[in-house]
Amino acid sequence: MADPTFTPRVFSGIQPSGGLTLGNYLGMIKPAVGMQNSGDFETLYCMVDLHAITARLVPPSELIHNTREVAAGFIASGIDPAKSMLFNQSQVPEHAQLAWIFNCVARMGWMGRMTQWKDKAGKNAEAASLGLFAYPTLMAADILIYHATHVPVGEDQKQHLELTRDIAAKFNHDYGIEFFPLTEPVIGGAAPRVMNLQDGSKKMSKSDPSDKTRINMTDDADTIAKKIRKAKTDPDPLPDAVAGLEGRPDARNLVNIYAALAETTQQAVLDEHAGALFGHFKMALADLAVSKLAPIAGEMQRLMADPAEIDRILGDGAQRARALSAPILDQTYDIIGMLRS
Ligand code: AQP
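With the working numbering, the residue at position 98 of the sequence shown is 1383, and numbering never jumps.
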């Protein structure tokens, strides 16, 4: 039933649980723009607002603001709403409808092994929301409701994508039909894992309580420079080879960010800066980061001044997305034997 003549389809999403970070940009948005512009794929990009309320209750006005801001971030970074479908998840109800089916396909044991669940629920799993536990089945539905074949994500989402494949395979096996594709993760972005500026062993995250751990896509030039200047490093100079970054997570992170922003390799960065002390390297990195990010922040600010236009874009994207998702949900219901008249 899966149509082999399908244009390869890309889906990816970002939670509007806060403002966008440099990690979201380098790990997901940049590769997503590349896939859109390659012309090889039909592309759908989504503000996953249903996911955003799984970890904490986001005040309604904040959720609306974040959803628009993430949309502005996508557009300012190069997502063209005429080429890609850009929308927020709750406007396409088929995501949640398919997620229910997948809740009945996935096994508790699979879900309990998810490291994101363990990290986010922490020691107090009893108090975590059921939505947080079921996060990966909704994510599988986000992808499979479009029969998406490729998903650009940061490295932290790899395990959820493996689960998405397991859910698709079990559904296909249980119903004896090749219906859902086994989706390919695309973790080839320049920086699939951008780390926390104050602790190179932790991921940069929009929900970290400390703002100095991340670069926000809305930070102004002075703030970016200050955060980079204060980023944790070690006293040694930069090595001349990538192997010399072994055991130096903070140093590696800054080199990685530099390479990703300059669209070059870590080795090329070291060829240019070997022997430099971090005071000097951080100045070069701050200049580079400001030159790349300030125009995006400026464009985001311009877009955010017209929220009605953002809402119009998301409404249009949702309508186009529903034209794809509704028939796939119908077929899913038919396969399962859900009677509709
Ligand atoms: N630090 C990162 N490095 C590379 N990629 C990253 N992504 C997130 N952080 C990094 C990628 O961005 C996409 C959207 O992520 P998300 O917002 O849906 O959720 P997340 O992965 O949980 O990101 P955050 O910033 O840590 O959000 P919160 O704090 O709300 O949990 C994904 O493709 C992700 O891999």
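All C-beta atoms in this analysis are idealised placements derived from N, C-alpha and C, irrespective of residue type, glycine included. In this text the structure is predicted, and so the values were computed from the model without any measurement.
Identified DSSP bridge partners for residue i
i	result
Phe1359	BP columns for Phe1359 are empty, so no partner.
Gly1298	Cys1331
Asp1484	Asn1481
Phe1372	Cys1331
His1435	Val1295, Glu1469
Ala1388	The displayed chain sequence assigns Asn, not Ala, to residue 1388. In the DSSP output, where bridge partners are listed per residue, Asn1388 has none listed.
Asn1501	Thr1306
Alpha carbon of residue i to alpha carbon of residue j, nearest angstrom
i	j	result
Asp1556	Phe1465	46 Å
Ala1476	Ala1545	6 Å
Ala1582	Pro1345	24 Å
Leu1417	Met1393	13 Å
Val1527	Ile1462	47 Å
Gly1308	Met1480	8 Å
Gly1312	Glu1594	27 Å
Val1355	Ser1490	14 Å
Gly1358	Ile1472	20 Å
Ser1414	Asp1441	21 Å
Gly1564	Pro1494	26 Å
Ile1349	Glu1531	42 Å
Leu1335	Asn1351	13 Å
Leu1539	Ala1340	29 Å
Thr1434	Gly1324	15 Å
Gln1616	Trp1385	15 Å
Lys1567	Met1623	59 Å
Asp1601	Lys1405	34 Å
Gly1397	Ala1419	10 Å
Ile1542	Arg1625	52 Å
Lys1403	Ala1410	8 Å
Ile1338	Cys1331	15 Å
Ala1412	Glu1347	23 Å
Gln1483	Thr1508	15 Å
Cβ-Cβ separation, residue j to residue i (assumed contact under 8 Å), whole Å
i	j	result
Ala1608	Gln1376	Contact doesn't hold; Cβ gap of about 13 Å is too wide.
Leu1570	Ile1513	5 Å
Lys1368	Thr1306	Not confirmed; about 25 Å, so no contact.
Asp1521	Ala1559	Asp1521 to Ala1559, Cβ: 12 Å. No contact.
Thr1498	Met1585	Actually they are not in contact, since the Cβ atoms of Thr1498 and Met1585 sit about 21 Å apart, beyond 8 Å.
Lys1517	Asp1535	5 Å
Ala1579	Ala1506	5 Å
Cys1488	Pro1470	The amino acid occupying residue 1488 in the given sequence is Lys; Cys does not appear at that position. The pair is not a contact, with the Cβ atoms about 17 Å apart (cut-off 8 Å).
Ala1590	Ile1500	The Cβ separation is near 23 Å, so there is no contact.
Cβ-based neighbour list, residue i, same chain, cut-off 7 Å, excluding 5 preceding and 5 following
i	result
Thr1550	Ala1544
Ala1606	Leu1329, Met1370, Phe1372, Val1377
Ile1430	Glu1379, His1380, Leu1383, Ser1610, Ile1613, Leu1614
Ile1620	Tyr1460, Ile1462, Phe1464
Arg1533	Asp1519
Lys1515	Lys1497
Leu1588	Ala1357, Ile1360, Ala1361, Ile1595
Asp1572	none
Trp1395	Leu1448, Asp1451
Pro1592	Arg1353
Residue-chain proximity (residue i, chain D), Cβ-Cβ < 8 Å
i	result
Glu1411	This model lacks chain D altogether; it includes just one protein chain.
Cβ-based neighbour list, residue i, same chain, cut-off 6 Å, excluding 5 preceding and 5 following
i	result
Thr1449	Ala1425, Ile1428, Thr1468
Val1333	Gly1298, Gln1300, Gln1374
Gly1303	Lys1491, Ser1492
Ile1452	Phe1387, Val1390, Ala1391, Ala1425
Pro1421	Met1399, His1445, Leu1448
Phe1326	Pro1293, Val1295, Met1320
Gly1363	Val1318
Met1478	One point to set straight first is that residue 1478 is Arg, not Met, in the sequence displayed. Excluding sequence neighbours, Arg1478 sits near Glu1440.
Lys1455	Val1390
Gly1485	Pro1534, Asp1535, Asn1538
Neighbourhood of residue i by C-beta, 8 Å cutoff - its chain only, sequence neighbours within 5 removed
i	result
Asp1365	Gln1321
Ala1611	Glu1379
Ile1598	Ala1356, Ile1360, Pro1366, Leu1371
Lys1577	Leu1546
Asn1457	Glu1463, Phe1464, Phe1465
Check: residue i C-beta below 7 Å from any heavy atom of the ligand MN
i	result
Ile1500	This structure lacks the ligand MN; its bound ligands are the ligand AQP.
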